[in-house]
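For the sequence shown, my numbering gives the first residue as 217, with consecutive numbering after it. Note that beta-carbon positions come from the ideal geometry of N, C-alpha and C, so glycine has one too. Remarks on the structure that follows.
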Amino acid sequence: FSRGAALGTAASVAHAASAETGKQARLSPSEIAAIVQKDMTENQFLVTGKLTRSIYDEAATFKDEIDTYTLDKWIKGTGALFVGPPKSFTEVVGDVSASDSEIRFRFNEVLCFNIPLNPKIPLTGEVILTRGENGLITRYLEVWDTNLAETLKKTYFQ
């Protein structure tokens with residue numbers, strides 16, 4: 217019985233345990249990066265709130281330049297705050313990079329707010345997702361390239 221076989225067995229048990237809870241714990245950096253990339257490109261999760269919940273710890277916090285939210289509040293709030301694609305859209309700038317401890321990517325987006333006149337705000341920045349010991353995402357941090365006042369000055373109507 218080799219060390220590799222023992223580790224493989226332990227990983228299989230961990231994946232089986234996480235499957236029971238619906239969580240995708242202990243994904244490799246490339247596996248979790250691919251999921252986040254898909255959430256950005258296909259789900260447009262920064263403007264729809266439609267993320268792959270199984271890669272997030274249920275106690276994860278989401279912090280942007282305005283406030284900190286729980287997982288449920290971020291999903292519901294994001295989905296309600298913005299008009300979905302194509303009026304709002306987001307794209308990855310460069311690659312999604314991942315390690316055992318974090319996932320990072322730069323973004324470019326236009327936020328179309330779900331309020332009368334549908335104001336739009338262009339925004340760029342970086343998202344840093346921190347992974348816990350089990351590989352699930354425990355913290356979402358959104359860092360804008362401009363401060364809140366500068367960002368709001370870019371508001372336009374179309």
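C-alpha distance - residue i paired with residue j, whole-angstrom precision
i      : j      : result
LYS336 : LEU243 : 36 angstroms
THR237 : TYR272 : 12 angstroms
PHE395 : THR371 : The question about residue 395 has no answer here: the residues shown for the chain are numbered 217 through 374.
ASN208 : SER246 : For residue 208 there is no data in the structure shown, the boundaries of the chain being 217 and 374.
PRO338 : GLU258 : 19 angstroms
VAL359 : GLY341 : 6 angstroms
SER228 : ARG269 : Its pLDDT being 40, under 50, SER228 is placed unreliably in this model, and the coordinates cannot settle the point.
VAL343 : SER313 : 11 angstroms
THR277 : TRP290 : 9 angstroms
ALA365 : LYS239 : 38 angstroms
PRO302 : PHE373 : 15 angstroms
VAL252 : LEU357 : 14 angstroms
ASN334 : GLU325 : 15 angstroms
6 angstroms CB neighbourhood of residue i in its chain, flanking five on each side removed
i      : result
GLY351 : ALA241, ARG242, LEU243
LEU377 : Nothing about residue 377 can be read from this structure; the chain reaches only from 217 to 374.
THR346 : GLU318, THR354, ARG355
Sequence-distant residues of its chain with Cβ nearer than 7 angstroms to residue i (five each side left out)
i      : result
GLY295 : THR264, GLY265
GLU274 : LEU287
LEU327 : VAL263, PHE298, SER304, LYS336, ILE337, LEU339
ASN330 : ALA296, LEU297, PHE298, VAL299
ASP361 : THR340, GLY341
Burial state of residue i (16 or more Cβ within 10 Å)
i      : result
SER304 : buried
GLY310 : exposed
ALA249 : buried
LYS292 : exposed
GLU349 : exposed
ARG219 : Reliability of the predicted coordinates at ARG219 is poor, the pLDDT of 33 falling under 50, and the value obtained from them is presented with this limitation in mind. With fewer than 16 Cβ atoms within 10 Å of its Cβ, ARG219 is classed as exposed.
GLU281 : exposed
SER306 : According to the sequence provided, residue 306 is Thr. The question's Ser does not apply to it. Buried, because 16 or more other Cβ atoms sit within 10 Å of the Cβ of THR306.
THR284 : exposed
Cross-strand partners of residue i (DSSP beta bridge)
i      : result
VAL300 : Position check: residue 300 holds Gly in this sequence, whereas Val was assumed. For GLY300, which the question treats as bridged, DSSP gives no partner whatsoever.
PHE373 : Note: PHE373 sits in no beta bridge, so no partner.
ILE344 : ARG320, LEU357
THR286 : THR277
PHE305 : VAL326
LEU262 : LEU262 is not bridged to any residue.
LEU339 : GLU325
SER244 : Partner(s): none; SER244 has no beta bridge.
Close beta carbons around residue i, own chain, < 8 angstroms, minus the five adjacent residues each side
i      : result
ARG320 : VAL312, SER313, ALA314, GLU342, VAL343, ILE344, LEU345
LYS279 : TYR285, ARG355, TYR356, LEU357, GLU358
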